[in-house]
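Written below as structure tokens is the structure these notes are about.
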Amino acid sequence: MTFQTLCVLCGLCGKRIRLTFELAQRGLKAEQQKPLPVVYREVRLDCGYRLDLLVEGAVIVEVKAVDRLAPVHQAQLLSYL
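Encoded structure:
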């Protein structure tokens with residue numbers, strides 16, 4: 000049974016998991032739910048944010064299941080940068 004068939008039959012995989020699998024098949028490293036620490040006035044919050052996917056340590060992928068992106072989604076990505 001292929002990974003794709005298993006996902007369809009069992010409903011085990013969300014979009015983020017499938018995307019991570021496909022990236023790995025292409026030789027790219029993707030980390031799911033990557034914690035992003037926040038430092039403010041010498042106070043460090045180890046998990047201020049969580050990135051949906053961090054690809055090759057350089058590209059942030061935020062998976063959304065919406066009809067269209069809203070300003071709040073853009074603000075979320077900008078806060079990661």
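Using numbering that gives the first Met the number 0, the first residue of the sequence shown is number 0, and each one after it goes up by one.
All C-beta atoms, glycine included, are put in the ideal place defined by N, C-alpha and C.
- Query: Straight-line CA distance for Y39 to A57?
  - Reply: Straight-line Cα distance between these residues: approximately 23 Å.
- Task: On the DSSP bridge assignment, give the partners of Q31 in chain order.
- Result: L52.
- Query: Cα-Cα, which of L22, Q32, P70 and V42 is closest to E61?
  - Reply: Comparing Cα positions, the closest option is Q32.
- Message: Relative to the C-alpha of P34, which candidate in R49, K28 and L68 has its C-alpha closest?
- Response: Checked all of R49, K28 and L68; the closest Cα to P34 is R49.
- Query: Where do the ends of the beta strand (DSSP E) carrying V62 lie?
  - Reply: For V62, there is no enclosing beta strand (DSSP E), as DSSP marks it with neither H nor E.
- Item | Backbone secondary structure at L44 - three-state DSSP | Strand, per DSSP.
- Bounding residues of the alpha helix (DSSP H) (the contiguous stretch that carries R67): Element bounds for R67: n/a, residue is neither H nor E.
- Nonlocal neighbours in the same chain, by C-beta distance under 6 Å from K14, ignoring five residues either side: Cβ within range, chain order: V62.
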